[in-house]
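There are 2 protein chains.
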Amino acid sequence: MPRSYRVAILGATGAVGTELLDLLASRNFPIADLKLLASPRSAGCQLSFQGECLPVEVVTEQSFDQVDLVLASAGASTSRLWAAKAVAAGAVVIDNSSAFRLNPEVPLVVPEVNPQAAATHEGIIANPNCTTILLSLAVWPLHRVQPIQRLVVATYQSASGAGARAMEELKNQAQAILQGEAPQSEIFPYPLAFNLFPHNSQLNDQGYCEEELKMVNETRKIFATPNLRVTATCVRVPVLRAHSEAINLEFSQPFAVEKARSILSQAPGIKLVEDWQANYFPMPMEASGQDAVLVGRIRQDISHACGLELWLSGDQIRKGAALNAVQIAELLVTQSWLRPAVTLAR
Amino acid sequence: MPRSYRVAILGATGAVGTELLDLLASRNFPIADLKLLASPRSAGCQLSFQGECLPVEVVTEQSFDQVDLVLASAGASTSRLWAAKAVAAGAVVIDNSSAFRLNPEVPLVVPEVNPQAAATHEGIIANPNCTTILLSLAVWPLHRVQPIQRLVVATYQSASGAGARAMEELKNQAQAILQGEAPQSEIFPYPLAFNLFPHNSQLNDQGYCEEELKMVNETRKIFATPNLRVTATCVRVPVLRAHSEAINLEFSQPFAVEKARSILSQAPGIKLVEDWQANYFPMPMEASGQDAVLVGRIRQDISHACGLELWLSGDQIRKGAALNAVQIAELLVTQSWLRPAVTLAR
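Each protein sequence line maps, in turn, to chains A and B.
For the first sequence, the positions run 1 to 346 when the working numbering is used.
For the second sequence, the positions run 1 to 346 when the working numbering is used.
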């Protein structure tokens, strides 16, 4: 009889937490016991899992006793506070925050790209940022055939990237504007409805925002190509869910469009969406709720003999966050890599 | 006493036509007589100009008699039908359609970039496409100092680019979605509200859409740099008015950010919008209704030693169409270039 596991979700009531619950159920993850953890603000709620009502508990020092696997999705400061404690208690943590992603001792894993990295974990495995996961799924299959020299990306990021409340804010703003009223902004610094603005994460001295640097640094780490040349412009757009990306790729040799199309049509996690007659390509409306990242508009770049252009839309709560984390958990189980750090020979 | 001119607007009732009327009034263009022309569908309307109600007439063979200047904004097929007749009747045509833009005998003019090209007209002067005008205003001041080697652009184009009815469609779709109803699409092929999609203009065999090729070919012509390497990804976003662009520039030598910022802060037609502390940069909401194109987020590209990144938002009905046309008209008047083609020595 296959083993089943004691799982805890840290940040169970957020947009990603809710999706984690759905995915664990729909993918029949082998669960012996499920513990829902959250901050005091959310504790006391009940969430439904496979027909059962489970209480949401406040996370405490004792929360991780008798837990094999923690799926953490409550932000970087919460992960910094609790991940080491969970590991010390014998759990393996799959962390969806940015807290450990660039820590050289923590693997950063997209199961379709670098599954073997997960084998090296010492208790914590990091889940990449949403825009990075979508990008890496689309370009890794090409990069492994012919190394990419440079990536220029522009993103079109939905409100859901800032959580469930941001999606509500976008809808409320749209309603206000349609009624001729002034839109109110609390989550976002500026109105997003019928507007857009560069991503509102912190800027560094070079003028890159955190979101852009995540794309640069995380892609390098996942691809194990520390010098990969990447630049990004990240933009919030008034879309509810699913991010899109315009991707310009430079190779050192020409990369035939037909070859790229053939490779991507067979790549895992991707669905090729291209109807050139109907001008039909990936759209966030259609990517929402889908496991697959929609990729299309593969073109030879007319400005560069060794360039390709790609376009994608992907559900950043699903493959961009929750699904990737559950896939890592499945990988640990199937490969028998779900051993707690305390059993590692150090 | 300065001369004044007999002006006709062809396509007076459209989004750009209405804006042309506003601008001719607010900029005190020296008008002796103003004729509003449109298709039979719109004729019979009355439009207000400087407190007067002017009738909209159906365009006929006689419409251009006694007219010095025609501002045409009724689409390429209408311009192809009437422009030569207007020129034969002695008028100069400033054409906002794509009909003549790439015709080598027709100058394509952005007054801040290549005013001298207007002097060579033989009756028709073309107004560039909106995305091209915005792009050229922002990058020409840098290109003239240090030639650009390659441009990689991604656009974020508002509904207004498809006209006033498209703006209504976006609002109606948003209202439907907020009420839980299915959005209806007539102008656009897919719902635009809370969604986005690659620009729905016709695709060529290489996979570039017309809108993207306009950016490539028109920028080359305006800059008189036929081999300029340009690639673009054009995307419709659920914004009512004003387009935005993420622009990646490659030079053959490094271009210091401070130098670029200093140049752009003094460039005509541009307003530098950069508050790095507040993460405040150009937004379509703020660009709407403004003459100036808002430019900001000037960054050294971390993926290319000779690269720069720019971000802009500009009102594509105003500077992207009507204002540029009126500025061309002003240029013809102030430079005494408003001579009819029949007087040209051929």
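Glycine residues also receive a C-beta, built at the ideal position from the N, C-alpha and C atoms.
Keep in mind it's a predicted model, so treat the numbers as computed, not measured.
DSSP-derived helix/strand/coil call for B/Ala-174 | helix
Any C-beta of chain B under 8 Å from that of A/Pro-197 | The identity of residue 197 of chain A in the sequence shown is Phe, whereas the question assumes Pro. For A/Phe-197, the answer is yes, since a Cβ of chain B falls inside 8 Å of its Cβ.
Residues from the region 270 to 303 of chain A in contact with chain B, defined by Cβ distance under 7 Å | Trp-276, Asn-279, Phe-281, Met-283, Pro-284, Met-285, Arg-297, Arg-299, Gln-300, Asp-301, Ile-302, Ser-303
Within its chain, find whatever has a CB closer than 7 Å to the CB of B/Ala-260; leave out the 5 residues flanking it on each side and keep chain order.
-> Leu-142, Ile-298, Leu-308
Can you tell me which of the three DSSP states A/Cys-130 falls into?
-> helix
Just reading off the beta strand (DSSP E) that A/Val-153 is part of, what are its end residues?
-> 148 to 156
Collapsed DSSP secondary structure at B/Thr-78 in the structure displayed | helix
Quick one: which residues of the region 156 to 178 of chain B get their C-beta closer than 7 Å to a C-beta of chain A? List them in chain order.
-> Tyr-156, Lys-171, Ala-174, Gln-175, Leu-178
Report the residues of the region 225 to 242 of chain A with a CB closer than 7 Å to any CB of chain B, ordered along the chain.
-> Arg-229, Val-230, Thr-231, Thr-233, Val-235, Val-237, Pro-238, Val-239, Leu-240
Selected residue, minimal CA-CA separation from B/Val-92, among B/Ser-98, B/Ala-99, B/Ala-84 = B/Ala-84
What distance in whole Å lies between the Cβ atoms of B/Ala-118 and B/Ile-328, which are believed to be in contact at a cut-off of 8 Å?
-> 6 Å
Name the DSSP beta bridge partners of B/Cys-209, please?
-> B/Leu-203
Does the Cβ of A/Ser-158 have 16 or more other Cβ atoms within 10 Å, making it buried, or fewer, making it exposed?
-> buried
Kindly list, in the order they appear in chain A, the residues whose Cβ is closer than 7 Å to that of B/Leu-203.
-> Trp-276, Asn-279
Can you tell me the Cα-Cα spacing of B/Val-113 and B/Ile-222, whole angstroms?
-> 7 Å
State yes or no: is the C-beta of B/His-243 within less than 8 Å of the C-beta of B/Gly-296?
-> no
Establish whether the CB of B/Gly-207 and some CB of chain C are separated by less than 8 Å.
-> In summary, chain C is missing from the structure at hand, where the protein chains are A and B.
Just the C-alpha distance for A/Cys-209 and B/Ile-187, rounded to the nearest angstrom, thanks.
-> 36 Å
Complete runs of the alpha helix (DSSP H) confined to the region 5 to 90 of chain B [at least 4 residues] | 15 to 26, 76 to 88
If contact means a Cβ-Cβ distance below 8 Å, which residues of the region 308 to 333 of chain A contact chain B?
-> Glu-309, Trp-311
What are the boundary residues of the beta strand (DSSP E) that includes A/Lys-271?
-> 270 to 272
Does any CB atom of chain A fall closer than 8 Å to the CB of B/Ala-345?
-> Bear in mind that the predicted position of B/Ala-345 carries a pLDDT of just 37, short of 50, making it unreliable; the figure below should be weighed with that in mind. No, because no Cβ of chain A sits closer than 8 Å to the Cβ of B/Ala-345.
Using 10 angstroms around the beta-carbon of B/Trp-311, count the other beta-carbons present and answer buried if the total reaches 16, otherwise exposed.
-> buried
Take the Cβ of B/Ala-8 as the centre, count every other Cβ of all protein chains shown within 10 Å, and call the residue buried at 16 or more, exposed below.
-> buried
What residue from B/Pro-104, B/Gln-300, B/Arg-27, B/Ile-31 has the CA that sits closest to A/Asp-205's CA?
-> B/Gln-300
Chain-order list of residues whose beta-carbon lies under 7 Å from that of A/Gln-202 (same chain, five-residue window excluded) | Cys-209, Glu-210
Counting only the same chain and skipping the five closest in sequence on each side, list residues whose C-beta sits under 7 Å from that of A/Phe-49.
-> Leu-21, Ala-25, Leu-34
Where in the region 262 to 320 of chain A do unbroken runs of the beta strand (DSSP E), each at least 3 residues long, occur, reported from the N-terminal end onward?
-> 270 to 272, 293 to 300, 307 to 314
Okay, do the region 214 to 228 of chain B and the region 175 to 184 of chain B touch, 3+ Cβ pairs below 8 Å being the bar?
-> no
Can you tell me which of A/Leu-36, A/Arg-41, A/Thr-120 puts its alpha carbon nearest to the alpha carbon of A/Glu-52?
-> A/Leu-36
Local conformation of B/Val-222 per DSSP, three classes | Looking at the sequence itself, residue 222 of chain B is Ile, so the reference to Val does not match. Note: B/Ile-222 maps to helix in three-state DSSP.
In its own chain, which residues sit with a C-beta less than 7 Å from the C-beta of A/Tyr-190, not counting the 5 before and 5 after it?
-> Phe-197
Could you give the residue range of the beta strand (DSSP E) that holds B/Leu-249?
-> 243 to 251
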